[in-house]
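By this note's numbering, the letter at position 69 of the sequence shown is numbered 69, and the numbering carries on one by one without gaps.
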Amino acid sequence: MRRNSVDERTVLVLFLSYLSFSMFRLSIGMALPSIISEMRISEFQAGILYSINLLSSAILLTPSGLMADRIGRKRVLILGYLLLAAGVLSFSSSPNYPLLVVSLTMAGVGSSMIIPSYYSLMGELLRNVRGFGVGLGLASYQIGGLMGSYLVGAFVALGNWRTPFIIMGVLEIIALLIQIPLVHSPPSIEEKPTTFFSLLKMKNILISCTSIFLGSFGYFSTTAWLPSLLLSRSIGPIELSLILGLFFIGGAMSPPVFGRISERIGRRKTTFYVSMAAAVVAAAALLINHSLISAICVVLLGIFISPHRSLLVTIVQEAVPGKNISAATGLTQTLGLFGGAVGPVISGALITPLTIDHALFYSIVLPNVLCGFITLLIREK
Numbered sequence: 001m002r003r004n005s006v007d008e009r010t011v012l013v014l015f016l017s018y019l020s021f022s023m024f025r026l027s028i029g030m031a032l033p034s035i036i037s038e039m040r041i042s043e044f045q046a047g048i049l050y051s052i053n054l055l056s057s058a059i060l061l062t063p064s065g066l067m068a069d070r071i072g073r074k075r076v077l078i079l080g081y082l083l084l085a086a087g088v089l090s091f092s093s094s095p096n097y098p099l100l101v102v103s104l105t106m107a108g109v110g111s112s113m114i115i116p117s118y119y120s121l122m123g124e125l126l127r128n129v130r131g132f133g134v135g136l137g138l139a140s141y142q143i144g145g146l147m148g149s150y151l152v153g154a155f156v157a158l159g160n161w162r163t164p165f166i167i168m169g170v171l172e173i174i175a176l177l178i179q180i181p182l183v184h185s186p187p188s189i190e191e192k193p194t195t196f197f198s199l200l201k202m203k204n205i206l207i208s209c210t211s212i213f214l215g216s217f218g219y220f221s222t223t224a225w226l227p228s229l230l231l232s233r234s235i236g237p238i239e240l241s242l243i244l245g246l247f248f249i250g251g252a253m254s255p256p257v258f259g260r261i262s263e264r265i266g267r268r269k270t271t272f273y274v275s276m277a278a279a280v281v282a283a284a285a286l287l288i289n290h291s292l293i294s295a296i297c298v299v300l301l302g303i304f305i306s307p308h309r310s311l312l313v314t315i316v317q318e319a320v321p322g323k324n325i326s327a328a329t330g331l332t333q334t335l336g337l338f339g340g341a342v343g344p345v346i347s348g349a350l351i352t353p354l355t356i357d358h359a360l361f362y363s364i365v366l367p368n369v370l371c372g373f374i375t376l377l378i379r380e381k
């Protein structure tokens with residue numbers, strides 16, 4: 001009984017702490033228009049600014065997962081929060097574009113340590129309902145995005161984009177201090193972890209990595225450029241914050257729900273259905289140039305564009321023994337972050353020669369369609 005209470009407390013602390021991470025991660029797009037104006041940079045440079053955080057995470061995610069399997073998930077998690085907080089606080093006070101890039105890179109390194117440790121701990125602590133557990137982990141990511149969007153949107157409306165990131169940095173320090181005494185890892189398995197190349201030889205992992213790359217390409221293109229799209233359709237900053245807030249609420253509620261559904265009908269089918277639904281709703285938002293319809297479609301998009309990540313991570317975790325979960329999770333999330341890193345940059349580069357509507361069609365709708373069909377190649381037990 002005591003062990004169960006410790007596990008429940010650990011899950012709660014992990015969930016709440018992860019909010020501070022996602023508040024920052026998913027709210028950068030809200031600040032991009034203000035940063036573009038203040039720093040006098042192009043949309044392409046802004047896309048790089050958004051993506052560098054994801055790219056630095058992606059490069060180090062798999063090594064961080066391997067390190068977590070070897071020296072302990074809690075140790076890597078705590079170090080990650082330390083680097084994240086330092087990067088966010090530096091970002092909030094950077095006076096020029098190069099320092100913004102350096103700060104976001106530092107935050108990305110910290111993120112690379114947090115993500116595999118967090119998802120591995122959530123999956124292991126709730127291993128009997130792993131689909132729900134990993135979905136719950138993603139839910140905290142979306143709820144944090146909601147909180148961050150409101151926070152940044154409110155300050156951007158006042159002409160101040162820096163203060164909300166100071167607040168986030170302080171919250172990340174608090175999360176770090178709380179997790180040191182209260183987070184407890186499941187008992188470690190004293191076996192030698194697998195290698196990176198051994199993981200890639202597993203068919204389900206290779207397919208899942210490809211699918212999550214495409215899905216994340218679409219997801220992060222959405223969070224980076226939808227604010228600009230909606231602003232171009234005469235939606236003000238306050239209304240934009242509300243719409244994106246509902247987008248993240250939908251994204252927070254749906255992963256645990258679809259995780260449960262996947263335990264009944266299969267994770268492969270569930271991933272296919274949500275990916276195709278996301279593509280249809282995104283296409284409607286882009287092709288119908290009406291502010292109210294666009295807003296409704298964006299809210300619905302939040303429900304369907306998020307669950308593929310937790311579903312694919314769950315598939316990967318179920319494909320490997322417990323001693324390799326962090327490494328496998330890190331590898332999958334690495335490909336997801338690479339997709340998330342290149343998506344906003346390519347979208348930004350397409351906006352100038354095309355229109356923002358056409359650019360986002362190619363970078364949101366098409367990747368989700370491909371993600372859904374490729375996932376059908378996975379073989380479930």
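From the three backbone atoms N, C-alpha and C, an ideal C-beta is built for every residue, glycine too.
This one's a predicted model, so the numbers in the text were calculated from it and none came from an experiment.
Assigned exposure category for residue i - 16 Cβ within 10 Å defines buried
i, result
"Glu8", "exposed"
"Asn289", "exposed"
"Ala157", "exposed"
"Gly251", "buried"
"Leu392", "The chain is shown from 1 up to 381; residue 392 falls before or after that span and cannot be answered."
"Gly271", "Checking the sequence, you will find Thr at residue 271 rather than Gly. Thr271 comes out buried."
"Glu43", "buried"
"Arg267", "buried"
"Ser198", "exposed"
"Leu376", "exposed"
"Asn204", "buried"
"Gly159", "exposed"
"Ile235", "buried"
"Pro237", "buried"
"Arg379", "exposed"
"Ile71", "exposed"
"Thr222", "buried"
"Thr314", "buried"
"Arg40", "exposed"
"Arg130", "buried"
"Ile207", "buried"
Within 9 Å, strictly: CB atoms of residue i and residue j
i, j, result
"Ile143", "Leu55", "no"
"Pro227", "Ser306", "no"
"Gly123", "Gly137", "yes"
"Gly343", "Pro63", "no"
"Val76", "Met106", "no"
"Leu354", "Gly218", "no"
"Leu150", "Ser241", "In the sequence as displayed, the identity of residue 150 is Tyr instead of Leu. Yes, they are a contact pair."
"Ser94", "Ala341", "no"
"Ile384", "Trp161", "A query on residue 384 cannot be resolved here, the shown segment of the chain reaching from 1 to 381 and no further."
"Gly339", "Phe213", "yes"
"Ile173", "Leu286", "no"
"Ser120", "Gln317", "yes"
"Leu146", "Ile249", "yes"
"Leu244", "Val281", "no"
"Leu126", "Val11", "yes"
"Gly65", "Ala277", "no"
"Leu176", "Ala85", "yes"
Nonlocal neighbours in the same chain, by C-beta distance under 6 Å from residue i, ignoring five residues either side
i, result
"Ile166", "Ser92"
"Ser275", "His308, Asn368, Cys371 and Gly372"
"Cys209", "Thr332 and Leu335"
"Val152", "Ser27, Met30, Ala31 and Pro164"
"Gly215", "His308 and Cys371"
"Gly47", "Pro344, Val345 and Gly348"
"Ser140", "Phe15, Tyr18 and Leu19"
Per-residue DSSP class, three states only, for residue i
i, result
"Pro180", "Checking the sequence, you will find Ile at residue 180 rather than Pro. Reduced to three states, the DSSP call for Ile180 is helix."
"Ile235", "coil"
"Asn96", "coil"
"Leu104", "helix"
"Met202", "coil"
"Pro164", "helix"
"His358", "helix"
"Glu8", "helix"
"Ser20", "helix"
"Leu377", "coil"
"Ser363", "helix"
"Arg40", "coil"
"Leu61", "helix"
"Asn368", "helix"
"Asn53", "helix"
"Ser221", "helix"
"Leu32", "helix"
"Ser27", "coil"
"Gly159", "coil"
"Ile288", "coil"
Same chain, Cβ closer than 8 Å to residue i, neighbours up to 5 away in sequence not counted
i, result
"Gln179", "Val13, Leu14, Ser17, Lys74, Leu77, Ile78 and Tyr81"
Close beta carbons around residue i, own chain, < 7 Å, minus the five adjacent residues each side
i, result
"Leu104", "Leu49, Ile52, Asn53, Gly87 and Phe91"
"Glu38", "none"
Below-9 Å beta-carbon distance, residue i vs any chain C residue
i, result
"Val109", "The chain labelled as chain C is not found in the depicted structure, where only one protein chain is given."
**Asked** Where in the region 292-354 do unbroken runs of the alpha helix (DSSP H), each at least 4 residues long, occur, reported from the N-terminal end onward?
**Response** 307-318 and 325-351
**Item:** Every unbroken beta strand (DSSP E) within the region 229-283, with a cutoff of 3 residues, ordered by chain
**Value:** none
**Message:** As an exercise, report each continuous alpha helix (DSSP H) stretch of at least 4 residues that is fully enclosed by the region 116-162, in chain order.
**Reply:** 130-157
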